[in-house]
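This report refers to the structure that appears directly beneath it.
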Amino acid sequence: MKRLIGPQSVLRLPSARIAIVVLLGIAVLTAFGSTLAPQNPLTINANALFQGPGAHHLLGTDYLGRDVLSRLMAGTRLSVLTALEAVGIGLVLGTGPGIATVFLGRWFDFAANRVTDALMTLPYIFFAVAVTAALGNGLVQAMVPVGILLAPFFFRITRAATLEHARAQYVEAAELMGASKLHVVRVHVLRKVLPTIAVTTASMTAAALLAVSFLTFLGIGVQPPAPTWGGVLSSDLDYLAQAPWAPFIPGALIAVTVGALNALADAFRDRRGAGTLAAQPGPIIRTHSTLEPADDDRQSQVA
Amino acid sequence: MTAPAPAPLISPQDAPLLAVESLDVILGRGWRATQVLSGVDLAIGPGEIVGLVGETGSGKTTLARTVAGLVSPAGGRVVFEGTTISALRRGARRAERRRGHLQLVFQDPLRSLDPDMTVAGIVGEGVRLQGETDGSEIRRRVVAALGQVGLDDSLLPRTPAQISGGQRQRVAIARALATEPRLLICDEPVSALDASNRNYILRLLDQLRTSLGLSIVIISHDLSSLAGIADRIVVLYRGRIVEDGPVDQVFAAPRHPYTALLMASAPSVRHDRELSPQQLTRTVAEAVALPEDLLAGLGGPDACVFAPRCAFAAAPCATQPPLVPAGERRSVACHRHDEWMTLARERAAARTSDRNGDRSRGRTTEGQLA
Amino acid sequence: MTIDNLKSPDLAAPHPATADRPATAGRPATAPSAASTTDLLRLDDLHISVHHGAATAVRGISLGVRPGEIVGLVGESGSGKTLTCRAALGVLPDGCIIDRGSITFAGRDLTTLSRRGWEDVHGSHMGAVFQDPASYLNPSITVGHQLAEVLRVKLGLSRRAARQRSVELFTAVGLHQPEHVFHQIPAELSGGMLQRVMIAIAISCDPELLVADEATTALDVTIQAEVIELLRRLRAERGLAVLFVSHDLAVVAELCDRVVVFYAGEVVESGPAAEIIERPRHPYTQALLRVASVGDFRRRELEVISGQPPQVGEDITGCRFAARCPAAADACRSGPIAPVTVDAQHEVRCVRAQEAWAAGELAAR
């Protein structure tokens, strides 16, 4: 049975292709947004307040006459990078223990699970506020607690995936040959758990991006007048009467990016295929009389 | 519940390669705990092929896993090449395993081989774990091991999905051979294969025993295929050894009713078996005919493990019989081991005359079995 | 590993494994074709293709099951035996089509049967048991209720009557303490007991034919013997005909009245079981006998069959076994080989066997 794994198979899904295109665009903006922006995002123009989309300002202007398109393009870097920062923290704090807990015995697992449970009950907004109050108002500082609170998700998902593979018979066979737990992880388990980690990372990036947008919307971590997606959305909502179309623009940007990340995660998960050969259904005893390679796929259809 | 020490099956000057002594294994915890093995004694000598026979629930797989060290015994010990390996832990156990003198071959190569690894990686894993780092030396040993099972190095870059079922099992055996073991334990190595492949692999194991001086324990539920190559047969029932002896003697004249039941149940193209399975098991009709207290005694926790099913169970069978010598290098655990066969023949003769009478009346005499 | 029998001219000599059996007296005259109007199930020249017509997996199968007869289909994986019995049951997998031929059951043509027709046939006329009983039972409902459900739906019995009948059926299939078993879920029962439950369900509506596809393959040997004995008893008590499919020749020989040997989608030999075991004429059957567990408990040379069967649907001119047959001659590869009757109701699809038999006949006269 052919197993489709890896990036090349994901590209067969049209949703994945669209998502990748969108995310590539966001990546470009993250790197070069400020330089690519048609106008200076900080320039105030009192004569061009609340202009709708037009020739000079493709997405219109905000309450200070600043070009919206440029603000969003410039703001991409901060939003995306801090989201990635949070995901990075979560990944590092979560996946390592998630794999290790399967091999370090019952007590460690119990303790790790209780810590995870505790962390999952905490709301990130309050922690972000607390951290910025203590360490100063900055998005970088504010995303640290978000990262810490993403770790439990990485932990749980990685742990579940590792458990499934750690009980495989080939792992037992390796242990019988004297393999240490590290060897088992390195040689047998890691390769099989990476796809799950990749899927989780995509989903968590979407969540982190939403968190960033929400925090900046609330004004936490924002150093005005630096543009952020959530900040633009927030100020747009203040002036809804004058420019009712305005919030849709940053809102759409956030939604499309988050959607693309989730679509990519879904596509990758669906295409991962079975983790082991023995996952195929069929008769228990499958007898083959050949001593040469057989076309297993066709044999199973007929026998 | 310690059984008296059995007479040694191997003469004192042959130090056994593997000695299992009074092994008790309990699986599960708390109220779910069950005793899977009780007082198992087994000795394997160098260059011997021993067939371990048992059905579902006999504990044969648990025995293999306990010897290999995957399960810790509740009582007794396992001694391999003079070391009590059942007492080893962690680092010492890993070091012992890395020596590679004791290897296990699992039943289903689809599960025991990593589907993402190549044949070269799979067979070489043990060698690498022994500390060998020289790539060409690893490859040499991998190719040698594959050669011993009749596979050539064209298979090296393939994954398990890309080779046939028979080849997969041979790769599993090659993996075990790569570390140059002294003892191979094969848990149902051929159950998932058809007759021709089965015979091929059993013959292969026989050849390996001769060419490498390997000792092999083959665990199976199929007596007939073991008969082809085993030197000795050990019969396991519900966690106890009920019979142990040289294969030709055991099959010519089984001393335990369960062994005879296994032989009688084996499908045969010749309908020439002396006793049928029905004659060796107790039917419900016969059970009802027994006195109440005897029946209760036979079903009690201290009774012989086979008593609930045995057609010849009597009063002494309410206590578990010890494994006693019954001939040269043979032992059996049965109170009535020297008389049940005669009894069976007498009953068979009586039943034939009954059945002839019944047949004329158009009735069958089969009872109900669990 | 060679098939020596075929090299000697007297192919009609008894098989070495049964040399100590008294030879059957004489050889009856050539019997007429095996097609009989009293057949309960009749397959004629059945051709089945798989993968939506890409390959023909079953070619020209003809066999019949008479009422109360136990017929065994034996062959390797991919030989077409499972596909054949699934066609007879009307449960062919997706992509498999009956190209040619007919399947008749008690005079009814099964190849053109409607869904309604099949609902009538299934259970009331044909029952089936397969290899892994646990996967055919709902794990969360007691086995008694699963059987009772069948009775209520198919026979319209009341709840109480269905329960009573279920217990009777459990008794009939040899389950110990049937009242207790009624209330147990599949997880609480052993493999042998579950297979008995499946047999009870299969015979619950008194079918005339039971199809057993590798029904005993996954069972312990003692339980397998009990289930085989059960099937014999059901035949004796109810006149149940059985179509028994297995890759194990020994089990088939043990149980069946007639044996049909499959190879690469064709029937290569068929006949009474005793006859096939004593005088196997096709080289493949002889090879199967050599590798099968023949109830031989002596230390012996373990035989293998060298080579491999052809790919499913592979186009081969002439005998499909010729590539592996040590006695193959040019005549074997020139064109299609038709089955020929030798002895009583014993058919062989083999040019060399036919020659040897004819020579033997000539010598006997």
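Protein chains in written order, with this note's numbering: chain P, 1 to 303; chain S, 1 to 370; chain D, 1 to 365.
A virtual CB, placed ideally from N, CA and C, is assigned to each residue, including glycine.
Keep in mind the model is a prediction, meaning the values are calculated, not measured.
Spatial neighbours of residue i in its chain, beta-carbon cut-off 7 Å, leaving aside the 5 residues before and after
i, result
"Q130 of chain S", "R98, G100 and T179"
"A363 of chain D", "none"
"V258 of chain P", "A206, L209 and L210"
"G228 of chain S", "L202"
Residues near residue i by beta carbon distance below 6 Å, same chain, minus five either side
i, result
"V305 of chain S", "Y237, R238 and R240"
"I254 of chain P", "S213 and W229"
"A54 of chain D", "none"
"K159 of chain P", "Checking the sequence shown, residue 159 of chain P turns out to be Arg, not Lys. These residues qualify, in order along the chain: G98 and T101."
"P152 of chain P", "T116, L119 and M120"
"L277 of chain P", "Residue confidence is low: L277 of chain P scores 41 on pLDDT, short of 50, so the model does not pin down where it sits. No coordinate-derived value is stated."
"V184 of chain P", "V171 and A174"
"I276 of chain D", "V259"
"F130 of chain D", "D213"
"L42 of chain S", "V20"
"V181 of chain D", "F170 and L175"
"D206 of chain S", "I229"
Nonlocal neighbours in the same chain, by C-beta distance under 8 Å from residue i, ignoring five residues either side
i, result
"R159 of chain D", "A148 and R152"
"P22 of chain D", "Confidence at P22 of chain D is low in this model, with a pLDDT of 36, below 50, so the placement of that residue is unreliable and no value is reported for it."
"E132 of chain S", "I138 and R141"
Beta carbon of residue i nearer than 8 Å to that of residue j
i, j, result
"S224 of chain S", "A176 of chain S", "no"
"P310 of chain D", "I316 of chain D", "yes"
"I218 of chain S", "P189 of chain S", "yes"
"V261 of chain D", "G90 of chain D", "no"
"G64 of chain D", "L255 of chain D", "no"
"L209 of chain D", "L92 of chain D", "no"
"A202 of chain D", "G127 of chain D", "yes"
"D134 of chain S", "V143 of chain S", "no"
"T56 of chain S", "G174 of chain D", "no"
"E386 of chain D", "V150 of chain D", "Because residue 386 of chain D is not part of the residues shown, which for chain D are 1 to 365, the question remains open."
"D99 of chain D", "T56 of chain D", "yes"
"I305 of chain D", "G318 of chain D", "no"
"H256 of chain S", "E274 of chain S", "no"
"I85 of chain S", "G69 of chain S", "yes"
"S235 of chain P", "D62 of chain P", "yes"
Proximity test, Cβ basis, 8 Å: residue i and chain B
i, result
"L27 of chain S", "Going by chain labels, chain B is absent from the structure shown, which instead holds the protein chains P, S and D."
Residue i - partner residues in DSSP beta bridges
i, result
"Q35 of chain S", "S:I26"
"V324 of chain S", "S:V332"
"H122 of chain D", "D:M126"
"G245 of chain S", "S:I233"
"A19 of chain S", "S:A43 and S:V79"
"Q103 of chain S", "S:L184"
**OP:** Give a yes or no on contact between the region 81 to 91 of chain D and the region 249 to 259 of chain D, applying the rule of three or more CB pairs nearer than 8 Å.
**Re:** no
**OP:** Report yes or no: do the region 126 to 145 of chain D and the region 181 to 194 of chain D share at least 3 C-beta pairs separated by less than 8 Å?
**Re:** yes
Original post:
Mind pulling the alpha helix (DSSP H) runs of 4 or more residues that sit fully within the region 230 to 301 of chain D?
Top reply: 249 to 255, 273 to 278 and 283 to 291
Original post:
Three or more C-beta pairs closer than 8 Å, one from the region 50 to 64 of chain S and one from the region 17 to 28 of chain S: is that the case here?
Top reply: yes
Original post:
Can you list, in chain order, the stretches of the alpha helix (DSSP H) that have 4 or more residues and sit fully within the region 154 to 199 of chain S?
Top reply: 165 to 177
Subject >> Segment contact, 8 Å Cβ cut-off, at least three pairs: the region 38 to 48 of chain D with the region 218 to 227 of chain D >> reply: no
Original post:
Below 8 Å, can you find three or more Cβ-Cβ pairs linking the region 305 to 314 of chain S to the region 333 to 349 of chain S?
Top reply: yes
**OP:** Return the chain-ordered ranges of every beta strand (DSSP E) run that is complete within the region 217 to 247 of chain P and spans a minimum of 3 residues.
**Re:** none
Original post:
Does the pairing of the region 218 to 235 of chain P with the region 59 to 78 of chain P give three or more beta-carbon distances under 8 Å?
Top reply: yes
Subject >> Continuous beta strand (DSSP E) assignments of at least 3 residues falling wholly in the region 319 to 361 of chain D >> reply: 340 to 342 and 346 to 348
Subject >> Cβ contact (3+ pairs, closer than 8 Å) linking the region 206 to 221 of chain S and the region 45 to 52 of chain S >> reply: yes
Original post:
In the region 137 to 176 of chain P, which residue ranges form an unbroken alpha helix (DSSP H) of at least 4 residues, counting only runs that do not cross its ends?
Top reply: 139 to 166 and 169 to 176
**OP:** Kindly provide the ranges of any alpha helix (DSSP H) runs that are 4 or more residues long and lie completely inside the region 163 to 244 of chain D, ordered along the chain.
**Re:** 178 to 182, 191 to 203 and 221 to 238
**OP:** Spell out a yes or no on whether the region 116 to 130 of chain S and the region 196 to 209 of chain S are touching, meaning 3 or more CB-CB pairs, one atom from each, closer than 8 Å.
**Re:** no
Original post:
Three or more C-beta pairs closer than 8 Å, one from the region 283 to 303 of chain S and one from the region 314 to 327 of chain S: is that the case here?
Top reply: yes
Subject >> Segment contact, 8 Å Cβ cut-off, at least three pairs: the region 140 to 154 of chain P with the region 86 to 93 of chain P >> reply: yes
Subject >> Stretch pair the region 146 to 161 of chain S + the region 107 to 123 of chain S: three plus CB contacts closer than 8 Å >> reply: yes
**OP:** Answer yes if the region 69 to 80 of chain P comes into contact with the region 31 to 46 of chain P, meaning at least three C-beta pairs across the two stretches below 8 Å, and no otherwise.
**Re:** yes
**OP:** With a floor of 3 residues, list each beta strand (DSSP E) that falls wholly inside the region 93 to 119 of chain D, ordered by position along the chain.
**Re:** 97 to 105
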